[in-house]
Amino acid sequence: MVRNVRLWFEGAKYHVTSRGNRKSALFLEKEDYQKYLDLVEETRMRYPFQLHLQLKTLETPLSIIMKNLNTKYAKYFNKKYEFTGHVFEKRYGDELLNSREYEIDVSKYIHLNPVEAGMVSSPEDYPWSSCRTYVYGEVHPLIDPKPILSYFPDPPAHYYQQYMNAAKTDKFFWEDGKLLKREGEWCRCGLE
6 MVRNVRLWFE GAKYHVTSRG NRKSALFLEK EDYQKYLDLV EETRMRYPFQ
56 LHLQLKTLET PLSIIMKNLN TKYAKYFNKK YEFTGHVFEK RYGDELLNSR
106 EYEIDVSKYI HLNPVEAGMV SSPEDYPWSS CRTYVYGEVH PLIDPKPILS
156 YFPDPPAHYY QQYMNAAKTD KFFWEDGKLL KREGEWCRCG LE
């Protein structure tokens, strides 16, 4: 079966996902999470990209970045657990983030996903989330929260957290490139 050509251009931003083969866990121990993060950093050094929940390519196509990362992790995983065969169910998934609205909605989705899955009661409680980097300013060498936080007024972490905690029916509006809350009334222009 022929694979679809994936859209790539320098500076493209993606929401990237990978799933374990037969929907099995990709990380069985804390050490596995750390190894994956180490491989993300190693891959980033070889094929520079920006990571801020989503991935922004610089000069290397996403396909090369993900092939390098997932191949190395699969080799590590199979060797450690004495497995053979596929670790990942299929090729990674990617969604092009083609608007600032979609970019921040995906950011919110990623941070709230562990809560929705019933793994934690608050997004900042999930130990492998970048939420604390965005909300509390914790420094992580792989995460750059500035691109997402730049869409919010000062103090951006406060307003990002307010956006994350907003109800689905709440509305927001853009003013001077910043996502704002209107007191007493919400307008989520373009964020449906």
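Residue numbering for the sequence shown follows this note's numbering, beginning at 6 and increasing consecutively. From the three backbone atoms N, C-alpha and C, an ideal C-beta is built for every residue, glycine too.
Endpoints, the alpha helix (DSSP H) within which residue i is located
i, result
"Phe82", "Leu67 to Tyr86"
"Arg11", "No alpha helix (DSSP H) contains Arg11, which DSSP labels as neither H nor E."
"Tyr139", "Cys136 to Val140"
Which residues DSSP lists as bridging residue i, in chain order
i, result
"Phe54", "Thr62"
"Glu46", "Glu46 is not bridged to any residue."
Three-state secondary structure (DSSP) of residue i
i, result
"Lys173", "coil"
"Lys186", "coil"
"Glu36", "helix"
Cβ-based neighbour list, residue i, same chain, cut-off 8 Å, excluding 5 preceding and 5 following
i, result
"Ile153", "His57, Leu58, Glu108, Ile109, Ser112, Tyr139 and Tyr165"
"Gly25", "Leu31, Val92, Phe93 and Glu94"
"Leu101", "Leu12, Ala17, Lys18 and Tyr19"
"Lys40", "Tyr78 and Tyr81"
"Leu42", "Leu147"
"His145", "Ser135 and Thr138"
"Ile69", "Tyr52"
"Phe88", "Phe82"
"Leu33", "Tyr86"
"Trp44", "The sequence as given places Leu at residue 44; Trp does not occur at that position. Cβ within range, chain order: Leu74, Lys77, Tyr78 and Tyr81."
Chain-order list of residues whose beta-carbon lies under 7 Å from that of residue i (same chain, five-residue window excluded)
i, result
"Met124", "Tyr131"
"Ser104", "none"
"Tyr97", "Val21, Thr22, Ser23, Met71 and Asn75"
"Pro158", "Tyr164, Lys183 and Leu185"
"Glu64", "Glu15 and Pro53"
"Asn149", "Sequence check: residue 149 is Asp here, not Asn. Correct list, in chain order: Gln55, Leu56 and His57."
Where the beta strand (DSSP E) containing residue i begins and where it ends
i, result
"Lys113", "Not the beta strand (DSSP E): Lys113 falls in the alpha helix (DSSP H), residues Arg105 to Glu121."
"Lys18", "Lys18 to Thr22"
"Leu154", "First-last for Leu154: Lys151 to Leu154, but that is the alpha helix (DSSP H), not the beta strand (DSSP E)."
"Trp179", "Phe178 to Glu180"
"Gly90", "Premise fails: Gly90 is in no beta strand (DSSP E) and is neither H nor E."
"Leu101", "Gly98 to Leu101"
Same chain, Cβ closer than 6 Å to residue i, neighbours up to 5 away in sequence not counted
i, result
"Thr62", "Ala17 and Phe54"
"Val120", "Pro128"
"Trp133", "Tyr38"
"Leu60", "Tyr19, Val21 and Phe54"
Residue burial classification, residue i (beta-carbon count within 10 angstroms, cutoff 16)
i, result
"Glu129", "buried"
"Pro160", "exposed"
"Met50", "exposed"
"Thr174", "exposed"
"Asp181", "exposed"
"Tyr141", "exposed"
is_contact[residue i, chain C] using C-beta, thresh 7 Å
i, result
"Gly25", "Structure shown: chain C not included; a single protein chain is present."
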